[in-house]
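Asker:
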Amino acid sequence: MCCVVLGGLMLFGPRMVWLWRSLRARNGVAASTAVLGEVATSRHLVVSTRVGRAR
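In structure tokens:
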């Protein structure tokens with residue numbers, strides 16, 4: 059479980075930083091927080107499906 063989260067962070071880290079900066083430059087904090095919430099929910103879904111498969 060821990061390595062799945064770490065791997066996701068390593069994969070998504072640079073992309074998320076880039077997304078955060080570009081979105082904040084364009085639309086402000088509201089849009090970036092919306093995108094972050096979306097990504098958090100999708101990542102949670104991915105992690106939960108992986109855990110379900112591991113069981």
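As numbered in this note's numbering, residues 59 to 113 make up the sequence shown, in order.
C-beta atoms are modelled at their ideal positions from N, C-alpha and C, and glycine is treated no differently.
These numbers come from a predicted model, not from an experiment.
What do you reckon, are the CB atoms on residue 75 and residue 105 nearer than 8 Å?
Answerer: Not closer than 8 Å, so no.
Asker: Write down the C-beta distance between residue 101 and residue 66 rounded to the nearest angstrom, noting that I regard them as a contact closer than 8 Å.
Answerer: Right, their Cβ atoms sit about 6 Å apart.
Asker: Assuming residue 93 contacts residue 69 under a Cβ cut-off of 8 Å, what Cβ separation, rounded to an integer in Å, is found between them?
Answerer: About 16 Å; that fails the 8 Å criterion.
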